[in-house]
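Here it is as structure tokens:
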């Protein structure tokens, strides 16, 4: 009965959050409607201001996946301005919406128009790269992602990972491009765990055990010594038939668990790691 009550409560909270999100969107749309009505009644309102309001409302409709309403607002915004920069922004939002609504051909046409006008338009570059993925042109996606990241003062780990996922789908040298790109990320940003994790797995997929170990050793000592990394290192040593090194790594992982505070040691994730490490030592 308690479980059922908890499930009902969780579902109720989830639904409440959804309703709240929709209410907030509706309130924001209504606010813009009021501003647009004021523009219509004012002789001082500029067409560009009206276009900006229509663009904002279009984005709200797009956020709630009301694609037709969004498209109408984008077109209305375009008709109400001759400002070159604003028109370029409208084309960008139209292109992004076409991508989100499953129309990559239209997205390609619109985003390409933006980039032709402004090759340094970062968001258009990123969304064009994602458009190429939907068009199954993985090399073009990778090239576009390269340009996008070159425009950034400091790309994020997530952007390096997204580019790696694009490269992985290239048939011939995709895996090599994944490794090259992730190494660039580690060299530029430092040994961030998410990048190291993916780079290690990429090396292992190619059977490059020494390179995988080298990357793990780049991690700070307090992270490197965590049980999950000791388990990973032990497995790599095991693959290389370095059984003594594997045993040492497994034991280090167990010792780290044993020295944890009880509330951490008894969590399900740590218990699972303990069981894996103990099983490795028994084999």
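Residue numbers (UniProt numbering): 1 to 283. Ideal Cβ positions, reconstructed from N, Cα and C, are used throughout, including at glycine.
Closest in alpha carbon position to residue 275, among 204, 253 and 104, is 253. The C-alpha of residue 222 is placed about 12 Å away from the C-alpha of residue 230. Per DSSP, the continuous alpha helix (DSSP H) segment holding residue 157 begins and ends at 157-168. It is roughly 40 Å from the alpha-carbon of residue 273 to the alpha-carbon of residue 100. Setting aside the 5 residues that flank it on each side, residue 220 has no residue in the same chain whose C-beta is closer than 6 Å to its C-beta. In chain order, 138 place their CB closer than 7 Å to the CB of residue 169, counting only its own chain and leaving out the 5 sequence neighbours on each side. Relative to residue 123, the option among 144, 105, 189 and 246 whose CA is nearest is 144. Under a 10 Å Cβ-count criterion, residue 30 is classified as exposed, with fewer than 16 other Cβ atoms of the shown protein chains found around its own Cβ. Counting C-beta pairs closer than 8 Å gives three or more between the region 74-90 and the region 109-122, which meets the contact rule.
Annotation: residue 147 to residue 245 spans about 43 Å, alpha carbon to alpha carbon. Using a Cβ distance threshold of 7 Å, residue 182 and residue 204 do not count as a contacting pair. About 18 Å separates the Cβ atoms of residue 164 and residue 131, ruling out a contact at the 8 Å cut-off. Leaving aside the five residues that flank residue 141 on each side, the residues in its chain whose CB is nearer than 6 Å to its CB run, in chain order, 129, 132, 133 and 166. Here DSSP, grouped into helix, strand and coil, assigns residue 266 to coil. Counting other Cβ atoms within 10 Å of its Cβ, residue 50 reaches 16 or more and is therefore classed as buried. Only exposed fits residue 65, as fewer than 16 other CB atoms lie within 10 angstroms of its CB. A distance of 7 Å or more separates the beta carbons of residue 192 and residue 227. With respect to residue 77, residue 97 sits apart: the two C-beta atoms are not nearer than 7 Å.
Between the alpha carbons of residue 177 and residue 195 lies a gap of roughly 14 Å. In the structure shown, the three-state DSSP call for residue 214 is helix. In summary, residue 239 is exposed, with fewer than 16 beta-carbon neighbours lying within 10 Å of its beta-carbon over all protein chains present. By the beta-carbon neighbour count (other beta carbons within 10 angstroms, threshold 16), residue 84 is exposed. Between residue 209 and residue 232, the alpha-carbon positions lie close to 11 Å from each other. Judged by beta-carbon spacing, residue 280 lies within the 7 Å limit of residue 250, meaning their Cβ atoms are closer than that value.
Going by beta carbons, residue 150 and residue 179 fall outside the 7 Å limit. DSSP places residue 104 in the uninterrupted alpha helix (DSSP H) bounded by 104-117.
With contacts defined as CB atoms closer than 7 Å, residue 121 and residue 94 fail to qualify as a contacting pair.
The DSSP-derived three-state label of residue 58 is helix. Residue 55 and residue 28 do not touch by the CB rule: their CB atoms are close to 13 Å apart, not below 8 Å.
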